[in-house]
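K.L.:
FYI, the numbering for the sequence shown is 1 to 657, going by UniProt numbering. For glycine and all other residues, C-beta sits at the position ideal for the given N, C-alpha and C. Owing to the predicted nature of the structure, the values given are computational and were not obtained by experimental measurement.
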Amino acid sequence: MAKIDGKTYPFIEENIKQLKKLFPEAVTENKIDFAKLRLLLGDEVETEEERYEFTWKGKTEAIRLAQKQTTGTLRPKKGDSVDWDRTENLYIEGDNLEVLRVLQTSYRNKIKMIYIDPPYNTGNDFIYRDDFRDNISNYKEKMQESYKSNAETSGRFHTDWLNMMYPRIKLAKNLLTEDGVMFISIDDNEQPNLRKICDEIFGEECFVTTLHVEMSATQGMKVKAAQKGNIVKNTEYILVYSKNGRKDIAETILYDYREKYDTHYSKILTEDGEIENLVPYMFKKEPAIEKEIEALSKQLNKRLNLQDMYDYSILFRKFIDDYKGRIFRFDKVTGFTSEDVPEGEIREVTRDGKTYLLCNKQGRIEQLLLLKDSFGYCDDFNQSYGLRKIRGDWWKEFYKDMGNVSKEGDMKFENGKKPVRLIKQLIKMTTKPNDYVLDFFSGSATTAHAVMELNMEEETKRKFILVQLPEELDEKDSKQKDAVQLLKKLGRPLNICEIGKERIRRARKQLLKNFGEASEGKADLGFKVFFLDSTNFHHWDEETENVERDLWQQLEIVKNNRTSDDVLFEILLKTGIELTVPIGEKEMDGKRIYSVGQDIVICLERDLTLDFMEKLLHHYPDRKRFIFYDEGFANDTVRINGEQLFHRHGAKQLLVI
1 MAKIDGKTYP
11 FIEENIKQLK
21 KLFPEAVTEN
31 KIDFAKLRLL
41 LGDEVETEEE
51 RYEFTWKGKT
61 EAIRLAQKQT
71 TGTLRPKKGD
81 SVDWDRTENL
91 YIEGDNLEVL
101 RVLQTSYRNK
111 IKMIYIDPPY
121 NTGNDFIYRD
131 DFRDNISNYK
141 EKMQESYKSN
151 AETSGRFHTD
161 WLNMMYPRIK
171 LAKNLLTEDG
181 VMFISIDDNE
191 QPNLRKICDE
201 IFGEECFVTT
211 LHVEMSATQG
221 MKVKAAQKGN
231 IVKNTEYILV
241 YSKNGRKDIA
251 ETILYDYREK
261 YDTHYSKILT
271 EDGEIENLVP
281 YMFKKEPAIE
291 KEIEALSKQL
301 NKRLNLQDMY
311 DYSILFRKFI
321 DDYKGRIFRF
331 DKVTGFTSED
341 VPEGEIREVT
351 RDGKTYLLCN
361 KQGRIEQLLL
371 LKDSFGYCDD
381 FNQSYGLRKI
391 RGDWWKEFYK
401 DMGNVSKEGD
411 MKFENGKKPV
421 RLIKQLIKMT
431 TKPNDYVLDF
441 FSGSATTAHA
451 VMELNMEEET
461 KRKFILVQLP
471 EELDEKDSKQ
481 KDAVQLLKKL
491 GRPLNICEIG
501 KERIRRARKQ
511 LLKNFGEASE
521 GKADLGFKVF
531 FLDSTNFHHW
541 DEETENVERD
551 LWQQLEIVKN
561 NRTSDDVLFE
571 ILLKTGIELT
581 VPIGEKEMDG
591 KRIYSVGQDI
601 VICLERDLTL
611 DFMEKLLHHY
621 PDRKRFIFYD
631 EGFANDTVRI
641 NGEQLFHRHG
651 AKQLLVI
């Protein structure tokens, strides 16, 4: 029987395994022969002392922090949760570096999209200060301290921020699926440095783009600043990286409203399948439009082109909307011949799953692009319907959302909230209906709100994992005053996690009201709450001396005040099982048994007999993995014979704690 390791994912061991696969001759007894590795890599090894490198004080330790294992765990808080038995969403309270470590075994390569909005390092932000000895007890010590901002006067201003971000991004990358995408909001203060560390962690080839998000308009005080000659700041940035280096990350295309008419669309197909110029045909079909255009032309003292007509004529706009399925423009196309489209004809031709509308004009094949394909609902603030264009890296007019952002989710909180529409569109663009979305700087839980709202709109089942440090609120901060008063009224602790959880609960109620109570089953609007803590087992605890561990193993391996649920979820995390997997519970011969998913059975009882194990196998004939306490068997003979019994019945893995 194999023993479960109480630590999280072994990064260094896995790195050595990967090297061994590529260069077996450079690894002996799990030790790397760097001289031989350099020889195998030939001229590709960098030997010059002076070379391009982005570095800072503490970088080496930051790299080590990203590889460090932990024995920490996540303990459930069912009382804070909503729809515990059915939901697949997670809200986790705790230091995000340690939580990211804890999630590695169960969620590695499973997260499709990560969005984070970390501290911008403006001089007033709280910065996580980690060190290599950092563990759960140290985390608890730090939680008792008052939070300190990273003052710009500090000699380690940029260094502290980089040391915070590097290991967290490194660990987060491990969680992404191979086609996963990471979005990071940032402003000018650290954008260049963030780009450099992400290039190093992901690889330069994995950089997709920088989104420019228009978060403010030039109004109010900014007008005065501009009038004095200042170039005012209207945008923030979102860096985009893909794990596999692909640039085609969009699962869904986003559209912006097109203010101007594309004058290339100047042809129309008649009822008889003939091609005519748009304006003469329109005047012939709708004389009232011709009269309106003539009147406008006199009024404006100029001859109107298609753009002018679209700008000034209501009747023209209506005609365009009514006939958009026949208005078109020509476009070049290759790979088709007169055999596909005889001369003088217009035909639909399907190739490689795509349908083309083609025309043969004197032996030259051209494609007809219909205007209707440029019409539809847009992703702008007003959700406009009309002419639209595909959105690129310029995400405009999100300042329109900012007027109400502090109240979104029926939760007034002004500290750095991002608009729900912004996060929702990032999720919509890059995820599929059942994907995981992670935010480990989750703040007021906008990402959870966005996932739930998108799921309600599309009747999908995207899942969120939110992580947030329970940072205390400042009662003296005017921006946090309303949130503090609300939490006091609810009798809840004054920290950001309580804001996030209450925001999700209120967003849930709001969505059910907007979409109707009958829609509740169509989307997952619940969430399971967990909090970071030390391991539940004495012998796994890094603070316990070796002699003490042996003693606890013989007496009672579970710590006082820890529940069976605490123990169960730690086992899931340490064996690579997701926290939201279905769990069944039953009793057999007075012993509690958990059936986890479709494959695993867990029994954490003592004095297990051979007869009990035979009953267990009879009740769960198709299960392949079984987990017990190491000291749970009645005696060594039962243990040995039991192992043989399980293998005879086809069990693939027997694990003990």
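1. Looking at the strands, I want to know which residues DSSP matches up with E364.
2. So, for S146: in the same chain, excluding its five sequence neighbours on each side, which residues have a beta-carbon less than 6 Å away from its beta-carbon?
3. What did DSSP end up calling A651 once you bin it into helix, strand or coil?
4. Quick check on E397: does DSSP put it in helix, strand or coil?
5. Tell me which same chain residues have a C-beta within less than 7 Å of the C-beta of S406, skipping the five on either side of it?
6. Decide if D566 is buried, meaning its Cβ has at least 16 other Cβ atoms within 10 Å, or exposed.
7. Hey, would you say L175 sits closer than 8 Å to I111, going by beta carbons?
8. Quick one: grab the DSSP three-state call for L254.
9. Using the Cβ count rule (16 or more neighbours within 10 Å means buried), how would you classify Y377?
10. Tell me which residues share the same chain as T355 and place their Cβ nearer than 6 Å to its Cβ, disregarding the 5 neighbours each side in the sequence.
11. Look up E236 in the DSSP assignment and give the residues it is bridged to.
12. Throw me the rounded Cβ distance for the F441 and D117 pair, which I believe falls under 8 Å.
13. When the Cα of L532 is compared with those of K36, I92, K31, which residue comes out closest?
14. May I ask whether a heavy atom of the ligand MG can be found less than 7 Å away from the beta carbon of E366?
15. Taking all protein chains shown into account, do 16 or more other C-beta atoms lie within 10 angstroms of the C-beta of R388, making it buried, or fewer, making it exposed?
16. With a 10 Å radius around its C-beta and 16 neighbouring C-beta atoms as the bar for buried, classify N536 as buried or exposed.
17. Decide if M221 is buried, meaning its Cβ has at least 16 other Cβ atoms within 10 Å, or exposed.
18. Which same chain residues, not among the five before or five after K396, have their C-beta less than 6 Å away from its C-beta?
19. Enumerate, from N- to C-terminal direction, the unbroken beta strand (DSSP E) stretches of 3 or more residues contained entirely within the segment 418 to 450.
20. Which value, in whole angstroms, describes the spacing of the CA atoms of R364 and K318?
21. For L645, which residues of its own chain have a beta-carbon under 8 Å away from its beta-carbon, when the five flanking residues on both sides are left out?
22. Classify H449: buried if its beta carbon has 16 or more other beta carbons within 10 angstroms, exposed otherwise.
23. Which residue from D379, D311, K224 puts its Cα closest to that of D256?
24. Can you check whether the CB of T218 is closer than 8 Å to the CB of Y237?
25. When the Cα atoms are used, what is the spatial distance from I4 to T575?
26. Under 8 Å, do Y9 and E578 count as touching if we go by C-beta distance?
27. By alpha-carbon positions, which one of G386, S266, I423 ends up nearest to D401?
28. Which whole-angstrom value describes the C-beta separation of H264 and R329, a residue pair presumed to lie in contact below a C-beta threshold of 8 Å?
29. Cα-Cα, which of K522, L573, D410 is closest to K455?
30. Any idea if T350 is buried or exposed, counting beta-carbon neighbours within 10 angstroms, 16 or more meaning buried?
31. Give me the Cα-Cα distance between L573 and D541, rounded to the nearest whole angstrom.
32. Exposed or buried, what is N163 when buried is set at 16 or more other beta-carbons lying within 10 Å of its beta-carbon?
33. Are the segment 477 to 491 and the segment 418 to 438 touching by the rule of at least three beta carbon pairs closer than 8 Å?
34. Enumerated in chain order, which unbroken segments of the alpha helix (DSSP H) with a length of 4 residues or greater are wholly contained in the segment 559 to 614?
P.N.:
Straight from the coordinates:
1. Here residue 364 turns out to be Arg, not Glu, going by the sequence shown. R364 is bridged to K361.
2. Here S146 scores only 46 on pLDDT, less than 50, and its place in the model is too uncertain to base an answer on.
3. coil
4. coil
5. K412, F413, E414, K417
6. buried
7. yes
8. coil
9. exposed
10. E348
11. V213
12. 6 Å
13. I92
14. Among the components modelled here there is no ligand, and therefore nothing to report on the ligand MG.
15. buried
16. buried
17. exposed
18. E214
19. 436 to 439
20. 33 Å
21. L610, M613, E614, L617
22. buried
23. D379
24. no
25. 7 Å
26. no
27. I423
28. 4 Å
29. Before going further, note that residue 455 is Asn rather than Lys in the sequence given. Ranking K522, L573, D410 by Cα distance to N455 puts K522 first.
30. exposed
31. 15 Å
32. buried
33. no
34. 564 to 574
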